[in-house]
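So the number in my numbering is just where the residue sits in the sequence shown, counting from 1, plus 153.
By construction, the Cβ of each residue, glycine as well, lies at the ideal position given by its N, Cα and C atoms.
One structure is given here, and the rest of the page talks about it.
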Amino acid sequence: MNLKDGYAAILEAAAAGWALPEKLWTSEWADKYRQVPSKSSPEGGQWRTSRTPYAREPMDELSSRSRTQEVVIMAASQVLKTEVLLNFVFESIDQDPGPMMVVQPTEKAVKDFVSQRLDPAILAMPRISDKVPSSRKRDSGNKITEKNFPGGVLYLGWSNSPSELASKPIKKLALDEVDRYPVSLKGEGSPVKLAEQRTANFPRRKILKTSTPKVRGASVITDEYESSSMAQYWVPCPHCQALQVLVFENLRWKKTTDEDGTKRHWPDTAVYVCEHCGSEIEERNKPWMLADKPMGGLAEWRHRHPERAKKGYHINGLYSPVGLGFSWAERAQKFLEAKKDPAKLQTFVNLHLGEPYEDHSDQMQAAALQARGEPYPLRTVLPGYLILTLGVDVQRAGYFALHLVAWGRGERCHTVDYTEIPGDPSRQEDWERVITTYRRRPVRNAFSVDLKVSMTAIDSGDGVTVHEAYKYARKYRHDDVMVIKGYSQPNKPILGRPSKQDVRNDNGAMDKNGVDLWMVGTDTAKSALFARLDGDLMHEQYTDRMVRYSAELPVTFYEGVASEFYDADTGKWVKRPGKRNEPLDTWGYAYAAAHHPRIAIHTARSADWDELEKMLEPRVHDMFALPLPTQASAEQATHPTPEVQTSAPGAIDHTSTDTAADTATDPDTAEAASAPPAQAARRDDDWVPDMRDDWN
Ligand SMILES: [Zn+2]
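As structure tokens, then:
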């Protein structure tokens, strides 16, 4: 046994409860030893729990003296979380060492945490820095992701690296800002669960999870808090002494109305109104209000579910001590700036109130989309739409999702059909039965012409389906079938360059480079779709819309289209938990198919559309003998042939109504007619070079 091991043995003995000096509670330890570097806080120097008394109980639950294993903190930004985490780490290093890990959302967040919070705090405390050499010292044996100390080690990991999370047994785990972790890691599941599994072998484990919450339904910390003891901090009113939880609704400020009727807010006058006696409480009373029992005060944490072993604490920004963080007046000001804009309001609710944002946008969006449904039957191609593409998603659960989209000038589109057909994606027979049958079934347009599916894009899916997808695409490569792989990164082109993939053929031999795999910018497709849906809101007429849907589509289709939301923080599209997103994904695949070099609706010129129109909507040209815009084609449909009516009864009634008032001389019609080619030309310039160069 060398000297270091011997020291560790003594500490082990201490941990086992031998007759060594009794350990301090974490709050006591911090009041005695914790130094706050002035660099990281406006109030540097000796830590005082009395400054933020609400930190006392969560810290003490994390101390080695407490039996509690799990602590959850859902809090406003800059309130409670990081200092509790640091005191937890330092108390453990000093009094109860063992393997520990702190997890941050990203590698950059780890570096910032170490350089701005952890290292300066260690340097400020000789009691800790004697044990944990700074990562800046070359001979310390410590690197940025690992700090060794007698009896233990502190690992620093980030949430998107499964190897970091999964490799080591951990006795004490701190997961910081969990709502910024990926929901799931490829093949590994939730990073939170993955990290938690590392503590399984330690009966006296400690797990701390902290975060400002994000959107309810996609917020880990909200779920954690709601399954915990759910404590809130109750403070007394200086006037009537009655205890209450501070809520933003009771922050009040003066409002006046100018002579001209303009309302004015005076956030500088913000006071808190007691919910019991109605008195106005000024912010300078806060130190007295926050004081807890050990300080002779009245404030306390009250747990809604004291019987639950997992201790959870929620606190908002109204509690931050005077001089630390925003004042009530400043928070009132922030609210006034945020309230008009849903994105800013979400930030306010999350960061200042520490509450999850109640996002109803998926239901609202689904309902709004469904309300746009037009009275045309499914499997009908509306006038002005000349190209059909099919997007296919293969589900291991045993079905194929197929989305048939018709395209016209300026990338206008409408959903011709969306269906989910049961089938086993591991059997080529089922691919034939479902996909081949479907894509060979023509769809008749309003001019009695049968349109074929010009291109089918099939998602290669995961490990189970990928080879079947290659095999199918290989077989039908001359039959307008492409296999794709989605790239959920912002600003990728809709369709990138293909790469050659090997395919195993029927007799088991490998067909080298047998199939092209096309990269699809799925996030770009989603952004394009929603931008168009938004833009459509200002158009009263169906025929002006960029994206059109049939009223026959079920509500589940619209819920699927609205199943994801754009997270401005990460710049990514995020699927709402428990929602099916195939209607949205398959639209993106059909859109990608329309970008295949043999189709290329984005580079099609006006003359190309004219040519198609001549073939597919012949009656228009018979009558007018001129290239005609979409709207005029639609108008022509007011006199459909009998065959069209039998194949698609009622298909174009609404179009007739819409366009009945429009004539070729109507300025709206003229404008709409010239717009799409201009847009297509712009796309040429912006997108094509990008498409060629950006895939690496
Ligand atoms: Zn009162």
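* Mark Gly-731 as exposed unless 16 or more other C-beta atoms lie within 10 angstroms of its C-beta, in which case mark it buried. => What you label residue 731 is simply residue 578 of the sequence shown in a count that begins at 1. The residue is exposed, with fewer than 16 neighbouring Cβ atoms inside 10 Å.
* To do: Taking all protein chains shown into account, decide if His-631 is buried (16 or more other Cβ within 10 angstroms of its Cβ) or exposed.
  => The residue labelled residue 631 in the question sits at position 478 within the sequence shown. Its Cβ having fewer than 16 others within 10 Å, His-631 is exposed.
* Asked: Under the criterion of a Cβ to heavy atom distance below 7 Å, does Tyr-452 qualify as lining ligand 1?
  -> Position 299 of the sequence shown, counting from 1, holds the residue named residue 452. Looking at the sequence provided, one finds Ala at residue 452 rather than Tyr. No, since every heavy atom of ligand 1 falls outside the 7 Å radius drawn around the Cβ of Ala-452.
* Where does the unbroken alpha helix (DSSP H) through Asp-689 begin, and where does it stop? -> By one-based count along the sequence shown, residue 689 stands at place 536. 675–689 is the span of the alpha helix (DSSP H), which, as asked, contains Asp-689.
* Residues bridged to Gln-857 [DSSP beta-bridge criterion] -> The chain is shown only over 154 to 849; residue 857 falls outside these bounds and no answer can be derived.
* To do: Compare the Cα-Cα distances from Trp-584 to each of Val-602, Ser-601, Lys-359 and Gly-551 and report the closest residue.
  => Here residue 584 refers to the residue found at position 431 of the sequence shown. It is Gly-551.
* To do: Below 7 Å CB to CB, which residues in the same chain sit around Arg-685 once its five sequence neighbours on both sides are set aside?
  => Counted from its first residue, the sequence shown places residue 685 at position 532. Cβ within range, chain order: Met-699 and Val-700.
* **Residues surrounding ligand 1 [beta-carbon distance to nearest heavy atom under 6 Å]** => Cys-390, His-392, Cys-393, Ala-395, Cys-427, His-429, Cys-430 and Ser-432
* Please name the residue, chosen from Ala-423, Thr-363 and Ala-745, that lies closest to Val-673 on a Cα-to-Cα basis. => Position 520 of the sequence shown, counted from the first residue, corresponds to residue 673. Among Ala-423, Thr-363 and Ala-745, the Cα nearest to that of Val-673 is on Ala-745.
* **Expected contact under 8 Å - CB spacing of Val-545 and Thr-500 to nearest Å** => As a first step, residue 545 must be located in the sequence shown, where it is residue number 392. As a first step, residue 500 must be located in the sequence shown, where it is residue number 347. Wrong, their Cβ atoms sit about 38 Å apart, outside the cutoff.
* Asked: When you compare only the Cα positions, how much space is there between Glu-436 and Gly-304?
  -> As a first step, residue 436 is located in the sequence shown; it is residue number 283 there, counting from the start. As a first step, residue 304 is located in the sequence shown; it is residue number 151 there, counting from the start. When rounded, the distance between both Cα atoms is 46 Å.
* Asked: Hey, quick one: how far does the beta strand (DSSP E) through Ala-610 stretch, first residue to last?
  -> For the purposes of this step, residue 610 is taken as the residue at position 457 of the sequence shown. Run containing Ala-610: 606–612, per the beta strand (DSSP E) assignment.
* Are the beta-carbon atoms belonging to Ala-359 and Leu-215 less than 8 Å from one another? -> For the purposes of this step, residue 359 is taken as residue 206 along the sequence shown, with counting starting at 1. For the purposes of this step, residue 215 is taken as residue 62 along the sequence shown, with counting starting at 1. A small correction: the amino acid at residue 359 is Lys; Ala does not occupy that position in the sequence shown. Cβ atoms of Lys-359 and Leu-215: closer than 8 Å.
* Asked: So the beta strand (DSSP E) Asn-660 belongs to, where does it begin and stop?
  -> As a position in the sequence shown, residue 660 is number 507, starting the count at 1. Asn-660 -> no beta strand (DSSP E), and no H or E assigned at all.
* Whole angstroms is fine: what's the gap from Thr-202's alpha carbon to Ala-371's? => Counted from its first residue, the sequence shown places residue 202 at position 49. Counted from its first residue, the sequence shown places residue 371 at position 218. Rounded to whole angstroms, Thr-202 to Ala-371 spans 33 Å at the Cα level.
* Entirely within the stretch 500–580 and at least 4 residues each: give me those alpha helix (DSSP H) ranges in chain order. => 514–524
* Could you give the distance in angstroms between the alpha-carbon of Leu-471 and the alpha-carbon of Ala-274? -> In the sequence shown, the residue the question calls residue 471 occupies position 318. In the sequence shown, the residue the question calls residue 274 occupies position 121. So the two alpha carbons sit approximately 26 Å from each other.
* Where are the beta strand (DSSP E) runs, 3 residues long or more, that stay fully inside the stretch 255–329, in chain order? -> 299–302, 305–311 and 325–328
* Asked: Using the C-alpha atoms, what's the distance from Trp-481 back to Ile-434?
  -> Here residue 434 is taken as the residue at index 281 of the sequence shown, counted from 1. Here residue 481 is taken as the residue at index 328 of the sequence shown, counted from 1. If you take the alpha carbons of Ile-434 and Trp-481, they lie about 11 Å apart.
* Three-state secondary structure assigned by DSSP to Asp-821 -> For the purposes of this step, residue 821 is taken as the residue at position 668 of the sequence shown. Unreliable placement is indicated for Asp-821, whose pLDDT of 36 sits below 50; no coordinate value is reported for it.
* When the distance is taken between beta carbons, is Pro-366 closer than 8 Å to Pro-250? -> Locating residue 250 in the sequence shown gives position 97, where the first residue counts as 1. Locating residue 366 in the sequence shown gives position 213, where the first residue counts as 1. The answer is no: Cβ separation not under 8 Å.
* Keeping to the same chain, check which residues put their C-beta closer than 6 Å to that of Ile-374; ignore five residues upstream and five downstream. => For the purposes of this step, residue 374 is taken as the residue at position 221 of the sequence shown. Counting only Cβ-Cβ distances below 6 Å, and skipping sequence neighbours, we find Met-227, Val-331, Asp-332, Ser-364 and Pro-366.
* Helix, strand or coil: which one does DSSP assign to Pro-802? -> Mapped onto the sequence shown, residue 802 falls at position 649. Note that Pro-802 scores a pLDDT of 29, beneath 50, so its modelled location is shaky and nothing firm can be said.
* To do: From the DSSP output, in three-state form, read off Ile-637 for me.
  => Here residue 637 refers to the residue found at position 484 of the sequence shown. Note: Ile-637 maps to strand in three-state DSSP.
* Would you mind reading off the limits of the alpha helix (DSSP H) that contains Ser-245? => Working through the sequence shown from its first residue, we reach residue 245 at position 92. That run of the alpha helix (DSSP H) goes 234–248.
* Would you check if the distance between the CB atom of Leu-541 and the CB atom of Val-596 is smaller than 8 Å? => For the purposes of this step, residue 541 is taken as the residue at position 388 of the sequence shown. For the purposes of this step, residue 596 is taken as the residue at position 443 of the sequence shown. Cβ distance < 8 Å, so Leu-541 and Val-596 count as in contact.
* By a C-beta neighbour count over all protein chains shown, 10 Å radius and 16 as the cutoff for buried, is Met-768 buried or exposed? -> To locate residue 768, count along the sequence shown from 1; it is residue 615. Label assigned to Met-768: exposed.
* To do: In the DSSP assignment, find the unbroken alpha helix (DSSP H) run with Ala-485 in it and report its ends.
  => Locating residue 485 in the sequence shown gives position 332, counting from the first residue. Note, Ala-485: alpha helix (DSSP H), 481–491.
* **Cβ separation of Ser-245 and Arg-209, assumed to be a contact under 8 Å, to the nearest whole Å** => If you number the sequence shown from 1, residue 245 lands on position 92. If you number the sequence shown from 1, residue 209 lands on position 56. About 17 Å; that fails the 8 Å criterion.
* Assumed close pair Gly-724, Pro-643 - CB separation to whole angstroms, cut-off 8 Å -> Stepping through the sequence shown from its first residue, residue 724 is reached at position 571. Stepping through the sequence shown from its first residue, residue 643 is reached at position 490. Between Pro-643 and Gly-724 the Cβ distance is about 5 Å, and since that is below 8 Å, they are a contact.
* Could you check where the beta strand (DSSP E) with Met-442 kicks off and where it finishes? -> Position 289 of the sequence shown, counted from the first residue, corresponds to residue 442. Run containing Met-442: none in the beta strand (DSSP E); it sits in the alpha helix (DSSP H), 439–443.
* What is the DSSP secondary structure of Tyr-702, counted as helix, strand or coil? -> Here residue 702 is taken as the residue at index 549 of the sequence shown, counted from 1. Reduced to three states, the DSSP call for Tyr-702 is coil.
* **Beta-carbon proximity of Leu-535 to Leu-557, cut-off 8 Å** => Residue 535 sits at position 382 when you count from the first residue of the sequence shown. Residue 557 sits at position 404 when you count from the first residue of the sequence shown. No. Outside cutoff.
* **8 Å Cβ cutoff met for Arg-565 and Trp-762** => Position 412 of the sequence shown, counted from the first residue, corresponds to residue 565. Position 609 of the sequence shown, counted from the first residue, corresponds to residue 762. Against a cut-off of 8 Å, the Cβ pair of Trp-762 and Arg-565 comes out as no contact.
* C-beta atoms of Tyr-386 and Arg-280 nearer than 8 Å -> Translated into positions along the sequence shown, residue 386 becomes position 233. Translated into positions along the sequence shown, residue 280 becomes position 127. No, these two residues do not count as a Cβ contact at 8 Å.
* **Neighbour flag for Leu-276 against chain D, beta carbons, 8 Å** => Looking at the structure shown, chain D is missing, and only one protein chain is on hand.
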